[in-house]
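Below is one structure; the comments refer to it alone.
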Amino acid sequence: MKILVIDDEQLAIDNLVSLLQSHAPESEIIASDDAGKAIDLFFSETPDVTYLDINMPRMSGIDLAKIFTGKSIIVFVTAYSEFAIEAFDLSAIDYLLKPIDEKRFAESFHRVKERIQKPTSETAQLKDVFDLVSKQLNSPTGDVIPVKEVGKIRIIEINNIDYLLGSGNYVEIYLQNGQMILHRETMQNMESRLNRQAFIRIHRSSIVRISAISELIASSRGDYTAKLKCGTKLPVSRQLKNQVLSFFS
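Everything in the sequence shown is counted per UniProt numbering, starting at 1 for the first residue and increasing by one.
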């Protein structure tokens, strides 16, 4: 079992790691005290279980859970009780309050182990299905993107995508309904699968549906910003500015 602990307080990390080591000495435990860097760590390590603090700078545990849900078992560990409803809406398996009671932790960890053990055969079958679906759909001519989540394969219609933001080996996919889905794939691969008549790359880290752009706003320095119909504003890189402007001229 691989376990990821995310908390901005080192003492809280140490306490939780100590509990985990006593209940799961065979597990691999990794930790991060930076919510932003934790995203890269999550996708490089692909933990079975993720323990999340809630009140952290840059990104809250709730924000991270929205990205991680479906890809790892989520357990919140926090001093704040008022986020419990939202946490369980995100399919968290448990919500532990600090300071952590050892008996309560033992009960929670037993639940985690049961969740991991239960879908073992289903997970193996799902992986085979995902690999097959990916081969069929991950082509330049495909009109959907399969995204693997815990216990299911989610199919995203490319026609429902407004824009994409890339960072390293993962892409944030923003849908027309406002939902964001994090997908492990490079921007280069994603760009090759999108219809070039419908999408345009405006920056090294962003691709936008052309019909989603409402304005191109020029600054006094000659830089441009693409304003989308949803209200989002994205910078147009200087390297791609002429290409973007020529498309709309």
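Ideal Cβ placement from N, Cα and C applies to all residues, glycine included.
In this structure the stretch 56–63 lies against the stretch 23–35, because at least three pairs of beta carbons, one per stretch, are closer than 8 Å. DSSP places A198 outside any alpha helix (DSSP H), giving it a letter other than H or E. Only exposed fits A106, as fewer than 16 other CB atoms lie within 10 angstroms of its CB. L41 places its beta carbon 9 Å or farther from that of T69. Around the beta carbon of H110, fewer than 16 other beta carbons lie within 10 angstroms, which makes this residue exposed. In this structure, V208 keeps its C-beta atom at 9 Å or more from the C-beta atom of T186.
Relative to the Cα of N169, the nearest Cα in the group D162, H183, Y163 belongs to H183. CA-CA distance, S108 to Q179, rounds to 30 Å. Non-local beta-carbon contacts of I210 in its own chain, meaning distances under 7 Å to residues more than five positions away in sequence, involve A198, F199, I200 in chain order.
Bridge pairing for D94: V75 [DSSP].
Using a Cβ distance threshold of 9 Å, I155 and I173 do not count as a contacting pair. Contact between L96 and F76 is confirmed by a C-beta separation of about 7 Å, below the 8 Å threshold. Ranked by Cα distance from S237, the first of S205, L165, R115, I29 is S205. For I62, the enclosing alpha helix (DSSP H) has its first and last residue at 61–68. When the five nearest sequence neighbours on each side are left out, the beta carbons in the same chain lying within less than 6 Å of the beta carbon of I29 are those of I3, V17, L20, in order along the chain.
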